[in-house]
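K.L.:
Please find one structure pasted underneath; my questions will follow.
Chains as they are written, first to last, in the working numbering: chain C, 1 to 474; chain S, 1001 to 1474.
This is the structure we're talking about:
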């Protein structure tokens, strides 16, 4: 208990979502998303207050009655403070700024010809800034209750809250983990300079800012130099440490009967070799170029037709945003085009599976020959760590050089350039022909890496950074 | 006559175009485009063979009968060799590769989410490479006739011809001027790596490669390092020298009666103040964000409504390419939107003029109060040099930081960031309010700069580079 800490975790989504059951009773369910899973260990080992947005009518009512005590899956207790936002402010914050603007800019998806979002000024002020202010108010109230607690802001929804807290509580220990890529000054230049400056200034108000890889870290240092004109020494401690998963959790999942049963369901007529991808239908995940690469491979290697199938488990995502809707339609169109061109009565080249079922993903993880992760950019990509843990076919990972996980795993993967369709076709061909011995050795190395650098190690590293930052402040 | 040189100029478009008159006789007309104008002085002072694509049926027939002797406007004679290409090869080269792919990549217009041109391999091989090979064949034949002649390749249509010539004539003196921006490795990464390597290798085969500004020059050195892995010292002499205009030509034009008459035609009801832009309807010119910026200015400064008008002389361009057609439609839609929102019966905020009439542009150059050049990227931008030469209203130049001309003129312009609409609104407001004394002094400084660094000086600099390159080779 000696190193039990007092932490205030701040993220847009909370660790539970509340709804009502068939009797009209309020029930809590574990929240979705990798971030919430990743931060769960904190609750077990420390005294945590978690601040998150109220997402539903039930949560909005709960927010009004103040913080509640919640219980995690393992019985540990934590304090949950939900922040209710005006629905229009939340819509501007989430659907106009955070996802299409910040996510697009930071994943190299911005349309430079015509801005996808033309008039940002109002959405920024009445959405992003307003919601960040509400979060900052909640953090200040929690700090007033416990001034010694350290604050852990999470991700791109909350870039400016740290500045808003810092201005009111200069002595607070504030840290931020950015889970998506950071990009250099030229990429940020597409946004109004005042918005860009405010984002950098907001993060700069932390004692510590962390990213998944050295690449994103150094891009942040560079863009702070460009937009704030400050030397890194004056600002926060900026570190890089890749997030990870709990290997035991995945190994247990893979042994479950309901996972094994799903394998048959997944591949009703399994081809000799399976190329798998598991993503959201996010343009950053680059499914279309992956399908085209598979088409190119079938074009040049007629002998593979009928023997190899590409299975894409794609969870529809953010369809309220027009670009996502258009992209998802284009994904389906591209798959259909390849199937029409190369498919036969007995064999479908590309199978799209849009069911959002985590256990189905785990079943697929067990059973691929080649796993394709060809993201345009990716903060880390957890699939690249999860799937090899449970794969039972000596499967090969084909991994984008632009995924954060590449820096850790590159010695044991077939690398791909996300924009180069020919290169991806070459990589798939190479992966399918890799000798068994090498496949086994690579898979074992990836597993050893993930075991040695697991989620516990990541959490410990984040707390160590907090200690260094607090010491520097003291 | 002592320094009269033997030159082989190679450009896609030639200095004349041939057609037939009403009697069916072949007639030559001066070719359009800034590049041809810029290179015209070479013909007067040197022995020039000009190699260009045959564009029409007449030119194709002319090409078949071999090189012809032509006469320039001032009576000087030069040799013209037209190269006929198969129509489908030319279409792939020009409409698929050179304009939408190379131009888009080098102007920051590429759609990173879904490639605007998905299958480049065939168009590259059967279009761009085939046409470059035909140019290289013609250059080799001309070099065999006169091995001491120096070759001057022009622009992005001919990146790989130098390598194809070099492999067959190792001793030839080859140079290349790239008239559009060069971009760093990350921007090139959107294309297949083999194409990118071939482009860089093609330019690397020259003795000298030149750009309009130091920025494009250093991006080229950087991308050669990334894609060829070679130190700059091993490759061509790489220089930067901005192209210019002939000041006397523009001063004479501005005095012409038919130019003066066009002023009335241009502004039937001239508002107090005129903001002008003169461009092709190319997405790189950024007309839409310019209109939006003017809309923002009218929103915040109601006192300017009715008093200021934006006049956009936009020459429709490359409409056979779908992205250009869509962009041109969006340009019109955006202008209409602003006119609907702010216009009155007496006053139209934005006037679009799509007539392609050079004398009309010169008339407009004389008569603006503010000239807006807000290009996303621009190799140089000649309008920024031409218009101030003849302006008669102490007009202010608002100039994109991303135009090559910015490096020369920045001390005497209001700078703008091309993606930042608010910043452009601020700049227009600032330009309209600039005191007379400063406007006069800035305009005089721009004119002095263009006079001191005119087209003759640029041509002389290019020939001096050729001399250095020949000496290094000897």
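No residue lacks a Cβ here, since even glycine has one placed at the ideal position from N, Cα and C.
Nothing here was measured: the structure is a model prediction, and the numbers come from that model.
#1: Take residue 306(C) as the anchor and find which of 295(C), 344(C), 281(C) has the nearest alpha-carbon.
#2: Any beta carbon of chain C sitting closer than 9 angstroms to that of residue 1118(S)?
#3: Kindly indicate which residue of 64(C), 158(C), 236(C) has the alpha-carbon position closest to the one of residue 210(C).
#4: In angstroms with no decimal places, state the Cα-to-Cα distance between residue 1346(S) and residue 1273(S).
#5: What separation, rounded to the nearest whole angstrom, lies between the Cα atoms of residue 92(C) and residue 158(C)?
#6: Quick check for students: name the residue ranges of the alpha helix (DSSP H) that lie wholly in the segment 1121–1195 of chain S, counting only runs of 4 or more.
#7: Considering only their Cβ atoms, is the gap separating residue 1392(S) from residue 1364(S) smaller than 9 angstroms?
#8: What residue range is occupied by the uninterrupted beta strand (DSSP E) comprising residue 309(C)?
#9: List in chain order: all unbroken beta strand (DSSP E) runs of 3+ residues lying wholly within the segment 10–55 of chain C.
#10: Within 9 angstroms of any Cβ in chain C, is that where the Cβ of residue 1108(S) sits?
#11: Taking beta-carbon pairs under 8 angstroms, can you tell me which members of the segment 327–343 of chain C lie near chain S?
#12: Starting from residue 445(C), trace the alpha helix (DSSP H) in both directions and tell me its first and last residue.
#13: Against residue 310(C), what residues of chain S qualify as contacts under a CB-to-CB distance less than 8 angstroms, listed in chain order?
#14: What number of angstroms, rounded off, separates the C-alpha of residue 1284(S) from the C-alpha of residue 1379(S)?
#15: Quick one: grab the DSSP three-state call for residue 270(C).
#16: Taking C-alpha atoms, which residue in 410(C), 153(C), 403(C), 253(C) lies nearest to residue 216(C)?
#17: Measure from the alpha carbon of residue 1459(S) to the alpha carbon of each residue in 1152(S), 1327(S), 1310(S), 1069(S), then state which is nearest.
#18: Using the Cβ count rule (16 or more neighbours within 10 Å means buried), how would you classify residue 1(C)?
#19: In or out: residue 438(C) buried (at least 16 other Cβ within 10 Å) or exposed?
#20: Could you list the residues in the segment 178–205 of chain C with a C-beta less than 8 angstroms from some C-beta on chain S, going in chain order?
#21: I need the boundaries of the beta strand (DSSP E) containing residue 400(C), first residue and last residue.
#22: Whose CA, out of 472(C), 23(C), 444(C), lies closest to the CA of residue 390(C)?
#23: Is it right to say residue 1173(S) is buried, meaning 16 or more other beta carbons lie within 10 angstroms of its own, or is it exposed?
#24: What are the start and end residues of the alpha helix (DSSP H) that includes residue 358(C)?
#25: In chain order, what residues of the segment 399–429 of chain C put their CB closer than 8 angstroms to some CB of chain S?
#26: Please confirm whether residue 308(C) and residue 432(C) have their CB atoms less than 9 angstroms apart.
#27: Tell me, which residues are paired with residue 239(C) by DSSP?
#28: Check residue 1301(S) in the structure and name its three-state DSSP category.
#29: In chain S, what lies closer than 8 angstroms to residue 121(C) by C-beta?
#30: Would you report the Cα separation of residue 1175(S) and residue 1018(S), rounded to the nearest angstrom?
#31: Can we say the segment 71–80 of chain C touches the segment 8–25 of chain C, given the rule of at least three CB pairs closer than 8 angstroms?
#32: Chain B partners of residue 321(C), CB-CB under 8 angstroms?
#33: Helix, strand or coil for residue 1082(S) per DSSP?
#34: Can you tell me the Cβ-Cβ gap for residue 1376(S) and residue 1191(S), rounded? I've got them flagged as a contact below 8 angstroms.
#35: What separation, rounded to the nearest whole angstrom, lies between the Cα atoms of residue 985(S) and residue 220(C)?
#36: Just to confirm the assignment, what range does the alpha helix (DSSP H) spanning residue 325(C) have?
P.N.:
Reading off the structure:
#1: Translated into positions along the first chain, residue 306(C) becomes position 306. Ranking 295(C), 344(C), 281(C) by Cα distance to residue 306(C) puts 344(C) first.
#2: Numbered from 1 along the second chain, position 118 holds the residue referred to as residue 1118(S). The C-beta of residue 1118(S) comes closer than 9 angstroms to at least one C-beta of chain C.
#3: Taking the first residue of the first chain as position 1, residue 210(C) is located at position 210. Taking only the C-alpha atoms, the option nearest residue 210(C) is 236(C).
#4: Working through the second chain from its first residue, we reach residue 1346(S) at position 346. Working through the second chain from its first residue, we reach residue 1273(S) at position 273. Looking at the two C-alpha atoms, the distance is approximately 15 angstroms.
#5: For this step, residue 92(C) is matched to residue 92 along the first chain. For this step, residue 158(C) is matched to residue 158 along the first chain. So the alpha carbons of these two residues sit roughly 14 angstroms apart.
#6: Along the segment 1121–1195 of chain S, the alpha helix (DSSP H) occurs as fully enclosed runs of 4 or more residues at 1130–1145, 1161–1166, 1185–1188, listed in sequence order.
#7: Numbered from its first residue, the second chain carries residue 1364(S) at position 364. Numbered from its first residue, the second chain carries residue 1392(S) at position 392. No; because the gap between Cβ atoms is not below 9 angstroms, this pair is not in contact.
#8: Within the first chain, residue 309(C) is the residue found at index 309, counting from 1. Per DSSP, the unbroken beta strand (DSSP E) holding residue 309(C) starts and ends at 308–315.
#9: If we require 3 residues or more, the beta strand (DSSP E) runs fully inside the segment 10–55 of chain C come out as 16–20, 26–30, 47–53.
#10: The sequence position of residue 1108(S) within the second chain is 108, counting from 1. Yes, residue 1108(S) lies at the interface with chain C (some Cβ there is under 9 angstroms from its Cβ).
#11: The residues in question are 327, 330.
#12: Within the first chain, the letter at position 445 stands for residue 445(C). Element bounds for residue 445(C): 436–452.
#13: Position 310 of the first chain, counting from 1, holds the residue named residue 310(C). Neighbours of residue 310(C) in chain S, taken as residues whose beta carbon is under 8 angstroms from its own, are absent, since the nearest beta carbon is some 17 angstroms off.
#14: As a first step, residue 1284(S) must be located in the second chain, where it is residue number 284. As a first step, residue 1379(S) must be located in the second chain, where it is residue number 379. Taking the straight line joining both Cα atoms gives about 10 angstroms.
#15: As a working note, residue 270(C) is residue 270 in the first chain. Three-state DSSP puts residue 270(C) in coil, outside helix and strand.
#16: Reading the first chain from its first residue, position 216 is the one you call residue 216(C). Nearest of 410(C), 153(C), 403(C), 253(C) to residue 216(C), Cα basis: 403(C).
#17: Taking the first residue of the second chain as position 1, residue 1459(S) is located at position 459. The closest CA to that of residue 1459(S), considering only 1152(S), 1327(S), 1310(S), 1069(S), is found on 1152(S).
#18: The sequence position of residue 1(C) within the first chain is 1, counting from 1. Note that residue 1(C) has pLDDT 42, beneath the 50 cutoff, so the model's placement of it is unreliable and the number below is only indicative. Exposed.
#19: Residue mapping note: residue 438(C) aligns to position 438 of the first chain, counting from 1. With fewer than 16 Cβ atoms within 10 Å of its Cβ, residue 438(C) is classed as exposed.
#20: Under the 8 angstroms Cβ criterion, the segment 178–205 of chain C contributes 189, 190, 191, 192, 193, 194.
#21: Taking the first residue of the first chain as position 1, residue 400(C) is located at position 400. Start and end: 396–400.
#22: Position 390 of the first chain, counting from 1, holds the residue named residue 390(C). A check of alpha carbon separations from residue 390(C) across 472(C), 23(C), 444(C) identifies 444(C) as the nearest.
#23: Here residue 1173(S) is taken as the residue at index 173 of the second chain, counted from 1. A residue is called buried once 16 or more other Cβ atoms fall within 10 Å of its Cβ, and residue 1173(S) is buried on that count.
#24: Start at 1 with the first residue of the first chain, and residue 358(C) comes out as number 358. Unbroken alpha helix (DSSP H) run through residue 358(C): 358–367.
#25: Within the segment 399–429 of chain C, 417, 419, 420, 421, 422, 423 place their CB atoms closer than 8 angstroms to a CB of chain S, listed in sequence order.
#26: Taking the first chain and counting its residues from 1, one reaches residue 308(C) at position 308. Taking the first chain and counting its residues from 1, one reaches residue 432(C) at position 432. Yes.
#27: Locating residue 239(C) in the first chain gives position 239, where the first residue counts as 1. Per DSSP, 210(C).
#28: Taking the first residue of the second chain as position 1, residue 1301(S) is located at position 301. It is coil, neither helix nor strand.
#29: Locating residue 121(C) in the first chain gives position 121, counting from the first residue. What residue 121(C) touches in chain S: 1422.
#30: Residue numbering aside, residue 1175(S) sits at position 175 when the second chain is read from its first letter. Residue numbering aside, residue 1018(S) sits at position 18 when the second chain is read from its first letter. Looking at the backbone, the Cα of residue 1175(S) and that of residue 1018(S) are separated by about 28 angstroms.
#31: With a cut-off of 8 angstroms, the segment 8–25 of chain C and the segment 71–80 of chain C count as touching, because enough Cβ pairs lie within range.
#32: Chain labels in this structure do not include chain B; the protein chains are C and S.
#33: Your numbering for residue 1082(S) matches position 82 in the second chain. In the structure shown, residue 1082(S) adopts extended strand secondary structure according to DSSP, grouped into three states.
#34: Along the second chain, read from residue 1 onward, the residue named residue 1376(S) stands at position 376. Along the second chain, read from residue 1 onward, the residue named residue 1191(S) stands at position 191. With a contact defined as Cβ atoms closer than 8 angstroms, residue 1376(S) and residue 1191(S) miss out at about 19 angstroms.
#35: This structure cannot settle anything about residue 985(S), because the visible part of chain S is limited to 1001 through 1474.
#36: Along the first chain, one-based indexing puts residue 325(C) at 325. Taken as a continuous stretch (DSSP letters only), the alpha helix (DSSP H) holding residue 325(C) covers 322–342.
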